[in-house]
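The next block holds one structure in the form of structure tokens; read it before the comments.
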Amino acid sequence: MASDGGWTLTDDDRQIFLVEAEEMVQVLEEGALELERGGYGPELLQAMFRAAHTLKGNSGMIGEDGMAGYLHNMEALFDDLRGERIAVTPALVQQVLSGIDALREMLAQFAQGASPSAVQPMPREDPAAAASPGGDVMPAHVQEPSAQRRFVVTLAVDAECAMPAVRVFQAYQELSRLGRIEGADPQQDSLSNFQGRSATLVLSVERADEVEGALAGLEEIHLESVKEQAAAPASPGGDGEREAATQTVRVRVDVLDKLMNLVGELVLDRTRISDLVAGLDGGKPHEEDERQAELARASLHLGRVTLDLQETIMKARMLPIEQLFRRFPRLVRDLGARSGKHVHLELYGQDTELDRMIMDELGDPLTHILRNAVDHGIECPELRMLAGKPEEGRIALRAATEEGYVIIDVVDDGAGIDQEAVKRTALARGILTPEQAERLTQREVEDLLFAPGFSTAEEVTEISGRGVGLDAVRASLERLSGTIEVLSEPGRGTTFRLRIPLTLAILRALLVRTGDEVYALPIGAVRQIVKLSERNLHTAHGRPLLSDRGSLIGLQSLSRVFEGPEREGEPFAVVVGAGDRQVALRVGALMGEREIVLKSLGDFLGTVPGLTGATILGSGELALVADVRYFLRGAAAAPKEQAT
Amino acid sequence: MARILVVDDAMFMRSRLRGLLEGAGHVVTEAPNGREAVERFGEEQPDLVLMDVTMPEMDGLEALKRIRAAEPTARVIMCSALGQQSIVLEAIKAGAKDFIVKPFRPEKVLEAVGRQVSP
């Protein structure tokens, strides 16, 4: 198909352009927020300059001259900032932020608009084409053979060095005493604006071991590596990038989804085959035994491979949570500005990975919680001053992985939750009776925030909006099999803690057997396993109870889901819980812990209360995944922690 | 012990550097601009010059060039501020031995000085 000079802009090209553009815009936006906070240095301005510059180049390449012109002006602005010809002022930051918004708008239009080349996309025959952006292929250099040995020398400049160009120049000076510098990146004569932290040069020299010594007298710069140049020509600085490129490839999300669905089909067919194999038992002539056994083995193997394939594809759907988090600093800044507060959002644990589907679902709940924190959590500057806090409010957004779950904390350093105000509101809204209000613990009061129809705002503000409360946030988390809790310290701040399964599709579970059935209990909900005996089994009002270190826990049979018989003799109980509720489930045998792939029940049974799905075990056996919340419904709150 | 000429138009800066360098056992003289620095260098032949970049009458780069023209072995460390990278680069090309960046950290100053002269 290839290159006759005129490029066709394929769908893939557009996609790559857009993804990169978003990255650049992100750099610009984060930079603008950093500028606003006064934390700027040459490195930041350089990064912003580079982002504008790169995006300008890309826009020009796709023929979006309007955007390129726009970016040219932005680039010039950063150049002026960098050259200290203009100063950072609030108005300038606003100008940059508005510019970024305009850019986003242009990109959105580009993403939707049908440009001539997009009307007739080039058929994609070569999957490798997706990995290499069009036109990026450099003609190979023809290098003259040289008698001397060549080394690729990589230099690293310390992060705190204020003038990397000078250090790099000094290093070039020293190295040129050893031998000839064949090429360098950055080049010697283009150093004056250089603000990078690394330099690469090709040095013709007899001995490589002198290189380090030559740099010993220089501060703030050191030798990163010396590698003899291979026979194949390599452009300086290119090595590292090429290495990284072979390890990852961008894959379109719809391709992954399609793979996922195909594997799902495969799993179903595989189940059918294994059913057929089972059906072949008995009534068959003896000579078919061997073939039958062979078929059974193949079916088993097929099952394992399918499962592996499914899990692997699931893992490919995981993305760093940074993808979700990165839009929030700007949001928080804007929300703060609108309510006359200075609020800074700090992000932690951005490399935590999460299923892309879940990430999409988390955007709205997190936005709501952050709004809540800015609106109700962080005090106005005057109140903060009075309370002896810094004028600028802080919200930390933290992600971490814990046993198959991602924990996201939204921590503000605001006023904390006013318990009395919460009770008053709950009483006024009829969510609570006065007698109930008397007996509530702090936890229970805080839990009221999630009650339907509750809002602590004295009045509905523009920002927190109307109609969607924290009850909706909790509901959307529950749809993801997640939980949300709030913890608050008066005067010190509030923490919202979200717990979400890493993926909806793979979870770690404890497998248990009751009667003939195998159940999977999500490990996040499992609190402990107890061996039952006369000593810890009790009955009160005709209901079985488990006593555990002085507290009593309701005991239920797992088979309750199918209204099966109570199995009296079963020897174990698994205590499961969520939040402050827990219940003990009686089981016959423990089969250990493993990762399972959750399949929708629709494939097998339709919707059954008490079950979230099913999974096929490596043995081919079906395991039912218990919905712990079903068993907890009506379970008493756990005794207060201090009770023991 | 080395004889060091400190050149800066800000008296505060000169006095800070003097205190630091004298504390490290050096003998310090001062000049408030490039023109005086060139004169004093001719008279005193110090072991090392700490040269500010931005000064009235004659800037540091010009003074450096004149000093190096008169005395090709002269040792000069440029004292620069953030954002003056291209000037410092010029200075290094013109023969300055090293540079330090304001705001100075005392240990950085002493390290840079120590690489040029012995205490």
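Here the protein sequences come in this chain order: H and D. Just so you know, we're using our numbering here: the first sequence kicks off at 669 and counts up by one. Just so you know, we're using our numbering here: the second sequence kicks off at 7 and counts up by one. Every residue, glycine too, gets a C-beta built ideally from N, C-alpha and C.
Proximal chain H residues relative to residue i, where beta-carbon distance stays under 8 angstroms
| i | result |
| --- | --- |
| D:Ser-92 | Ala-833, Ser-860 and Asn-861 |
Residue j beta carbon less than 8 angstroms from that of residue i
| i | j | result |
| --- | --- | --- |
| D:Ala-37 | D:Leu-11 | yes |
| H:Leu-934 | H:Thr-980 | no |
| H:Val-825 | D:Ile-98 | no |
| H:Val-1078 | H:Ala-1041 | yes |
| H:Gly-1004 | H:Gly-1084 | no |
| H:Ala-689 | H:Leu-723 | yes |
| H:Ile-1076 | H:Leu-1166 | yes |
| H:Leu-871 | H:Phe-819 | yes |
| H:Leu-701 | H:Arg-1107 | no |
| H:Arg-1066 | H:Tyr-1016 | yes |
| H:Gly-1241 | H:Leu-1258 | Just to set this straight, residue 1241 of chain H is Ala in the shown sequence, not Gly. Against a cut-off of 8 angstroms, the Cβ pair of H:Leu-1258 and H:Ala-1241 comes out as no contact. |
| H:Val-1180 | H:Leu-1189 | yes |
| H:Arg-1176 | H:Ile-1152 | no |
| H:Glu-892 | H:Arg-817 | no |
| D:Ser-124 | D:Ala-8 | yes |
| H:Arg-1111 | H:Asp-1248 | yes |
| H:Val-1154 | H:Leu-1100 | no |
| H:Asp-1080 | H:Gly-1161 | yes |
| H:Glu-842 | H:Leu-886 | yes |
| D:Val-107 | D:Leu-88 | yes |
| H:Gly-767 | H:Met-735 | no |
| H:Ala-770 | H:Tyr-738 | yes |
| D:Leu-70 | D:Ala-102 | yes |
| H:Val-1186 | H:Glu-1289 | yes |
| D:Ala-100 | D:Arg-72 | no |
Contact set between residue i and chain H, taken where Cβ atoms lie within less than 9 angstroms
| i | result |
| --- | --- |
| D:Ile-98 | Val-834, Phe-837, Gln-838 and Gln-841 |
Proximal chain D residues relative to residue i, where beta-carbon distance stays under 9 angstroms
| i | result |
| --- | --- |
| H:Glu-887 | Asp-104, Lys-114, Glu-117, Ala-118 and Arg-121 |
Residue burial classification, residue i (beta-carbon count within 10 angstroms, cutoff 16)
| i | result |
| --- | --- |
| H:Thr-1207 | exposed |
| H:Gln-1104 | exposed |
| H:Leu-944 | exposed |
| H:Ile-754 | exposed |
| H:Asp-957 | exposed |
| D:Phe-18 | exposed |
| H:Ser-1201 | exposed |
| H:Gln-788 | Model confidence at H:Gln-788 stands at a pLDDT of 27, short of 50, so the residue's coordinates are unreliable; what they give is reported in the following sentence. Exposed. |
| H:Lys-1091 | buried |
| H:Asp-680 | buried |
| H:Met-1053 | exposed |
| D:Gly-62 | Here residue 62 of chain D is Pro; the residue named in the question, Gly, does not match the sequence. Its Cβ having fewer than 16 others within 10 Å, D:Pro-62 is exposed. |
| D:Leu-95 | buried |
| D:His-32 | buried |
| H:Val-1243 | buried |
| H:Thr-1109 | exposed |
| D:Asp-136 | An answer regarding residue 136 of chain D cannot be provided, because it is not within the stretch 7 to 125 covered by chain D. |
| H:Arg-848 | exposed |
| H:Leu-1022 | buried |
| H:Ala-1294 | buried |
| H:Asp-922 | exposed |
Proximal residues of chain D, C-beta to C-beta of residue i below 8 angstroms
| i | result |
| --- | --- |
| H:Pro-710 | Leu-88, Gly-89 and Gln-91 |
| H:Glu-752 | Gly-89 |
Where residue i meets chain H, residues with beta-carbon distance less than 7 angstroms
| i | result |
| --- | --- |
| D:Leu-95 | Ala-833, Val-834, Phe-837, Leu-859 and Ser-860 |
Proximal chain D residues relative to residue i, where beta-carbon distance stays under 7 angstroms
| i | result |
| --- | --- |
| H:Ala-830 | Leu-88 and Val-107 |
Proximity test, residue i beta-carbon vs the ligand MG heavy atom, cut-off 7 angstroms
| i | result |
| --- | --- |
| D:Ala-75 | The model depicted lacks the ligand MG and carries no ligand whatsoever. |
**OP:** Kindly provide the ranges of any alpha helix (DSSP H) runs that are 4 or more residues long and lie completely inside the stretch 1034-1099 of chain H, ordered along the chain.
**Re:** 1049-1054 and 1087-1096
Original post:
Along the chain, which unbroken stretches of the alpha helix (DSSP H) at least 4 residues long are found entirely within the stretch 973-1022 of chain H?
Top reply: 990-993 and 996-1006
**OP:** Let me know the alpha helix (DSSP H) ranges lying completely inside the stretch 703-771 of chain H, each 4 residues or longer, listed in chain order.
**Re:** 710-729 and 733-750
Subject >> Length-filtered (3 minimum) beta strand (DSSP E) runs lying within the stretch 819-872 of chain H >> reply: 848-853 and 866-872
Subject >> Runs of beta strand (DSSP E) wholly within the stretch 1146-1195 of chain H (minimum 3 residues, chain order) >> reply: 1151-1157, 1161-1169, 1174-1182 and 1185-1190
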